[in-house]
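K.L.:
The structure is given below, and queries will be raised subsequently.
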Amino acid sequence: MAGPPRALVTRAAADLLTTLQGRHGALMFHQSGGCCDGSSPMCYPDGEFIVGDRDVLLAVLDVGPDGVPVWISGPQFEAWKHTQLVIDVVPGRGGGFSLEAPEGKRFLSRGRAFTDAENAALADEPPLTGARYADGDRPAQRAPVVAEAADACPIPARRAAAVQG
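Heads up: the sequence shown begins at 1 in the UniProt record's numbering, then just goes up one per residue.
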């Protein structure tokens with residue numbers, strides 16, 4: 001069994017990425033690890049952020065002709081490897097240098113813990129590092145677009161009842 005994609009993108013975020021691709025060309029994400037950028041997915045023109053040998057490619061999002069790679073640092077991947085990231089977009093001003101900042105929107109990572117079965121399937125797939133990517137390795141497929149973040153990260157029933165009540 002092939003494991004699930006480690007990152008997905010919502011339709012709203014994919015639409016914004018398509019707009020940004022029209023202005024900037026090929027794009028990439030690097031999932032920030034905190035400090036000045038918080039823990040935001042930072043969107044750059046592809047190649048503007050230098051990917052390190054130990055960085056990990058979570059997925060290539062199925063947006064545009066080249067897709068949009070989503071990278072994370074190796075140490076941060078070790079902490080988050082049991083989590084699927086869902087790149088979404090919300091109103092507001094994003095972090096520093098991310099391309100969506102002038103749009104009045106910001107990209108946001110939502111997360112979902114993988115199931116035991118998904119973790120077992122992913123254990124058989126070594127992460128694709130920057131070094132392997134530089135040597136020409138590529139993922140077998142692109143990560144799909146989901147309609148809404150809740151399609152990938154459902155709100156637990158207890159919390160949903162509290163929100164509605």
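Every residue gets a Cβ at the ideal spot worked out from N, C-alpha and C, and that includes glycine. The structure displayed is predicted, hence computed values, not measured ones.
Along the chain, where does the alpha helix (DSSP H) that runs through Gln76 open and close?
P.N.:
Counting along the chain, the alpha helix (DSSP H) containing Gln76 begins and ends at 74-80.
K.L.:
Hey, Trp80 and Ile72 are a contact pair by Cβ (cut 8 Å); roughly how many whole angstroms apart?
P.N.:
7 Å
K.L.:
CA-CA distance, Ile17 and Leu122?
P.N.:
Here residue 17 is Leu; the residue named in the question, Ile, does not match the sequence. The alpha-carbon atoms of Leu17 and Leu122 are separated by roughly 27 Å.
K.L.:
For Val70, tell me which candidate among Ala152, Val90, Glu148, Gly130 has the shortest Cα-Cα distance.
P.N.:
Gly130
K.L.:
Do the CB positions of Val89 and Thr10 come within less than 9 Å of each other?
P.N.:
If you check the CB distance, Val89 and Thr10 come in under 9 Å.
K.L.:
Do Gly104 and Leu85 come within 9 Å of each other at the CB atom, strictly closer than that value?
P.N.:
no
K.L.:
Rounded to whole angstroms, what's the CA-CA distance from Pro144 to Ala150? Just pull it up for me.
P.N.:
A direct Cα-to-Cα measurement between Pro144 and Ala150 gives close to 14 Å.
K.L.:
Going by C-alpha distance, which of Ala2, Leu20, Arg132 is nearest Pro102?
P.N.:
Leu20
K.L.:
Does the distance from the C-beta atom of Met28 to that of Val51 stay below 9 Å?
P.N.:
Their beta carbons are under 9 Å apart, which means Met28 touches Val51 by this criterion.
K.L.:
Sorted by chain position, which residues of the same chain lie with C-beta nearer than 7 Å to Glu148's C-beta, five sequence neighbours on each side aside?
P.N.:
Thr10
K.L.:
Spatial neighbours of Glu100 within its chain, please: C-beta separation below 8 Å, excluding the five flanking residues on both sides.
P.N.:
Leu16, Leu20, Cys43, Val89, Gly94, Arg106, Phe107
K.L.:
With which residues is Gln31 paired in a DSSP beta bridge?
P.N.:
Pro41, Ile72
K.L.:
How about Phe77 and Pro127: do their beta carbons lie closer than 9 Å?
P.N.:
yes
K.L.:
Expressed to the nearest angstrom, what Euclidean distance is found between the alpha-carbon atoms of Ala59 and Gly92?
P.N.:
25 Å
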